[in-house]
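Start counting the sequence shown at 179; every next residue gets the next number (our numbering).
C-beta: ideal position from N, C-alpha, C; glycine also.
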Amino acid sequence: MAFEPTERLHLGAEAEVWAGTWMGKDAVRKLRRARKWRHPDLDHRLGYRRMMSESRLLIRLKRCGVRVPAVWDLDPEHGRMVLERMPGRPLIEVLRDTSLSAPFINTVLHNTGALIRRLHREAITHGDLSSNNILVDENGVPALIDFGLAVIDYEVERFGIDLHVIDQILGASHPEHEGAISTLIEGYMAEEEALGPTPEQSGGAVPTAQDVLKRLEEVRSRVRYHG
Ligand SMILES: Nc1ncnc2c1ncn2[C@@H]1O[C@H](COP(=O)(O)OP(=O)(O)O)[C@@H](O)[C@H]1O
Ligand SMILES: [Mg+2]
């Protein structure tokens, strides 16, 4: 892999991420970390599958014009993947930055909702839409990263859960931005409005934005009821 590392960006339980260059371009290398408590063969198999699935979905989304990193190199055997480095910082930091104007924050939230709808229209759910997995550049344009838990799906439930995860995070970590989720949902609905009904995919019909919103309400009341 022609990757030249410069600094480590992240050391998590599942992955280690380094910033650097690849063919002279800004890149990151994601290294899968071994889970010591798992049998090595099983761990290797799961890690291999997950990296293949993550890269496959990233390539598919990139081709559809959804803002995600390009996959530049892949070595699933050794759990290594080189990706385009997306500029900007996590949504969580942007929301905490008190020097940013309210209209700018609104634009960011609106754009994020629109981007999530673009993802969902490809019949893909993210599975971990925390505000660390959304990177926002200085113009307020978001990108999605970390597709390790993403899947292709046509049932409305996972779509609803995607919105619920971001809803919970906006409510818990960013209570100062009251109505943040409403702005995000406005963007989600507006994107559907702008693009029209989702064309039928090979696997079936993708839930409409309206259906997903309805499911979000159901998930919310389920959570309220069961705690
Ligand atoms: N393509 C990328 N561009 C810029 N930063 C990235 C990129 N991929 C990962 N990162 C950074 O590394 C962190 C961890 O990567 P991520 O794919 O989310 O792994 P994990 O599964 O461990 O959460 C991200 O939160 C982000 O800060
Ligand atoms: Mg992550």
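Option nearest residue i by Cα separation, candidates the options
| i | options | result |
| --- | --- | --- |
| GLU271 | LEU287, GLU232, LEU220, LEU373 | LEU287 |
| LEU394 | SER360, PRO377, GLU370 | SER360 |
| LYS203 | MET229, PRO247, ARG223, HIS217 | PRO247 |
| PHE325 | GLU185, LYS208, TRP200 | LYS208 |
| GLY198 | ILE344, ASN311, HIS355, TRP250 | TRP250 |
| ALA387 | SER399, LEU362, VAL401 | LEU362 |
| HIS352 | ARG402, ILE283, LYS240, ARG258 | ILE283 |
| ASP253 | ARG241, ARG234, ARG402 | ARG234 |
| GLU354 | GLY291, THR276, LYS240, GLY225 | THR276 |
| PRO377 | ALA358, ARG296, ILE344 | ARG296 |
| GLU370 | VAL401, ASP219, ALA292, GLU255 | ALA292 |
| ARG227 | PRO218, ARG241, GLU255, HIS217 | GLU255 |
| PRO281 | LYS240, GLY382, ARG400, ALA358 | ALA358 |
C-beta atoms of residue i and residue j nearer than 8 Å
| i | j | result |
| --- | --- | --- |
| ALA321 | ARG274 | no |
| LEU278 | VAL206 | no |
| LEU189 | MET264 | no |
| GLY365 | VAL329 | no |
| GLU192 | GLY266 | no |
| VAL397 | ALA301 | no |
| GLY225 | ARG210 | yes |
| SER303 | ASP345 | Sequence inspection shows Thr at residue 303; the Ser mentioned does not correspond to that position. No. Outside cutoff. |
| GLY257 | MET230 | no |
| LEU373 | VAL343 | no |
Cut-off 7 Å between Cβ atoms - residues of its own chain near residue i, not counting five sequence neighbours on either side
| i | result |
| --- | --- |
| VAL390 | HIS298, VAL334, PHE337, GLY338, LEU341 |
| PRO268 | SER309, ASN310, ILE312, LEU313 |
| ARG212 | Per the sequence shown, the amino acid found at residue 212 is Ala instead of Arg. The answer, listed in chain order, is ASP221. |
| VAL401 | none |
Within-8 Å CB hit, residue i to chain C
| i | result |
| --- | --- |
| MET259 | Note that chain C does not occur in the displayed structure, where there is just one protein chain. |
Run of the beta strand (DSSP E) containing residue i, from where it starts to where it stops
| i | result |
| --- | --- |
| GLY155 | Residue numbering for the chain in the displayed model covers 179 to 405; residue 155 lies beyond these limits and cannot be assessed. |
| ALA368 | No beta strand (DSSP E) contains ALA368, which is instead part of the alpha helix (DSSP H) from 358 to 373. |
| ARG210 | 203 to 210 |
| THR285 | First-last for THR285: 280 to 299, but that is the alpha helix (DSSP H), not the beta strand (DSSP E). |
| TRP250 | 249 to 253 |
| TRP246 | What sits at residue 246 in the sequence shown is Val, not Trp. First-last for VAL246: undefined, no H or E at that position. |
| HIS188 | 181 to 189 |
| LEU313 | 312 to 314 |
| ARG258 | 258 to 262 |
| GLU194 | 193 to 200 |
Chain-order list of residues whose beta-carbon lies under 6 Å from that of residue i (same chain, five-residue window excluded)
| i | result |
| --- | --- |
| MET367 | ALA387 |
| THR285 | GLY318 |
| TRP196 | PRO183, ARG186, ARG207 |
| GLU232 | PHE325, GLY326 |
| GLN379 | ALA301 |
| LEU348 | ALA358, ILE359 |
Boundaries (first-last residue) of the alpha helix (DSSP H) holding residue i
| i | result |
| --- | --- |
| LEU235 | 218 to 241 |
| PRO320 | It is not in any alpha helix (DSSP H) - PRO320 instead sits in the beta strand (DSSP E) that spans 320 to 322. |
| GLU271 | 269 to 274 |
| ARG398 | 387 to 404 |
| VAL343 | 334 to 351 |
Residues near residue i in its chain [Cβ-Cβ closer than 8 Å; skip 5 each side]
| i | result |
| --- | --- |
| MET201 | ALA180, TRP250 |
| PRO375 | THR386 |
(request) Measuring from each Cβ to the nearest heavy atom of ligand 4, keep the ones under 6 Å and list them in chain order. (result) Absent from the structure shown: ligand 4. Ligands present: ligand 1 and ligand 2.
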